[in-house]
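*Asks:*
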Amino acid sequence: MAANPGLDCNNLQIGQVICIPGTQPGVCPPGTFSYTIRSGDTCWGLAQRFNTTVEAIIAANPGINCDNLQIGQVICIPGTQPGVCPPGTFSYTIRAGDTCFALAQRFNTTVQAIIAANPGLDCNNLQIGQVICIPGRQPGVCPPGTFSYTIRAGDTCFALAQRFNTTVGAIIAANPGLDCNSLQVGRIICIPSAQLV
40 MAANPGLDCN NLQIGQVICI PGTQPGVCPP GTFSYTIRSG DTCWGLAQRF
90 NTTVEAIIAA NPGINCDNLQ IGQVICIPGT QPGVCPPGTF SYTIRAGDTC
140 FALAQRFNTT VQAIIAANPG LDCNNLQIGQ VICIPGRQPG VCPPGTFSYT
190 IRAGDTCFAL AQRFNTTVGA IIAANPGLDC NSLQVGRIIC IPSAQLV
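Numbering-wise (the numbering used here), the sequence shown opens with residue 40 and increments by one.
#1: Helix or strand or just coil, what does DSSP make of C181?
#2: Three Cβ pairs or more, each shorter than 8 Å: is that satisfied between the segment 184 to 193 and the segment 217 to 236?
#3: Checking the sheet assignment: what are the DSSP bridge partners for F197?
#4: CB-CB under 6 Å to I110, same chain, minus the five flanking residues each way: which ones, in chain order?
#5: Alpha carbon to alpha carbon, what distance is there between C219 and S73?
#6: Which residues bound the alpha helix (DSSP H) around C82?
#7: How would you label T91, buried or exposed, when you count the other beta carbons within 10 angstroms and need 16 or more for buried?
#8: Helix or strand or just coil, what does DSSP make of I97?
#9: Quick test of your reading: G168 and T132, contact by CB under 8 Å. State the CB separation rounded to the nearest angstrom.
#10: Can you tell which of T195, I116, Q151, R134 has its C-alpha closest to the C-alpha of N100?
#11: Helix, strand or coil: which one does DSSP assign to C67?
#12: Kindly indicate which residue of G225, G208, G159, P174 has the alpha-carbon position closest to the one of R88.
#13: Looking at the secondary structure, which residues open and close the beta strand (DSSP E) in which F129 lies?
#14: Could you round the C-beta distance between C172 and C124 to whole angstroms and report it? I think they count as a contact, below 8 Å.
#15: On a Cα-Cα basis, can you pick out the residue from A86, A155, V56 that is closest to Q166?
#16: Out of curiosity, what's the CA-to-CA distance linking A98 and D80?
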């Protein structure tokens, strides 16, 4: 009533303009993004999909009723908008069989780094179709001065350094976290361009 002095809630008129306290619909505060409720959405499902918690969704949406979400309702989801990963990471869509450990191995990072890049991520409950941020460089995208190479059976860092006229140290520098003692066939790494000797 403070926003509308003299308003008679029992006698509202069609076309009457009133003030509604709170944030403007569709305008989410910093650190959140807007999401439009679709058929089948639940607070728990949204929390899982967007790597957050039900509690955080409720805190970002005062007055939300998780037992009665309305199709078309716009709410604020805490975190980074899907597909928008911070610098130094890239987006990845979870597929059947993915685990945090397997992703860490595949993308040459650690489980801890994946969790740090995705606050609220539950590695024991990854959802197919869930989009997460993976620390590091997107596979197949090598920085200037390097080119991509797919590891084959028998490859070693030393042999690659000799074949491509570079050094083991330069290969490791171009691929942070690369374990030369455990090269995986099919993995894509970046090889520094030939160095002049």
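Even for Gly, the Cβ is constructed at its ideal location relative to N, Cα and C.
*Replies:* Based on what the coordinates show:
#1: What you label residue 181 is simply residue 142 of the sequence shown in a count that begins at 1. Coil, per DSSP.
#2: yes
#3: Position 158 of the sequence shown, counting from 1, holds the residue named residue 197. Its beta-bridge partners do not exist; DSSP assigns none.
#4: Locating residue 110 in the sequence shown gives position 71, where the first residue counts as 1. Closer than 6 Å at the Cβ level, and outside the excluded window around I110, lie I76, S78.
#5: As a first step, residue 73 must be located in the sequence shown, where it is residue number 34. As a first step, residue 219 must be located in the sequence shown, where it is residue number 180. The straight-line gap from Cα to Cα measures roughly 44 Å.
#6: Position 43 of the sequence shown, counted from the start, is the residue given in the question as residue 82. First-last of the alpha helix (DSSP H) with C82: 82 to 88.
#7: Numbered from 1 along the sequence shown, position 52 holds the residue referred to as residue 91. Buried is the call here.
#8: Position 58 of the sequence shown, counting from 1, holds the residue named residue 97. Note: I97 maps to helix in three-state DSSP.
#9: Here residue 168 refers to the residue found at position 129 when the sequence shown is read from its first residue. Here residue 132 refers to the residue found at position 93 when the sequence shown is read from its first residue. Contact holds; Cβ gap of about 6 Å.
#10: Here residue 100 is taken as the residue at index 61 of the sequence shown, counted from 1. Of the listed residues, the one whose Cα sits closest to N100 is I116.
#11: In the sequence shown, counting from the first residue as 1, residue 67 sits at position 28. Coil at C67, not helix or strand.
#12: Start at 1 with the first residue of the sequence shown, and residue 88 comes out as number 49. Taking only the C-alpha atoms, the option nearest R88 is G159.
#13: The residue labelled residue 129 in the question sits at position 90 within the sequence shown. Residues 128 to 132.
#14: Stepping through the sequence shown from its first residue, residue 172 is reached at position 133. Stepping through the sequence shown from its first residue, residue 124 is reached at position 85. About 4 Å separates the two Cβ atoms, so the contact holds.
#15: Reading the sequence shown from its first residue, position 127 is the one you call residue 166. With distances taken between Cα atoms, Q166 lies closest to A86.
#16: Here residue 98 corresponds to residue number 59 of the sequence shown, with the count starting at 1. Here residue 80 corresponds to residue number 41 of the sequence shown, with the count starting at 1. One C-alpha to the other measures close to 18 Å.
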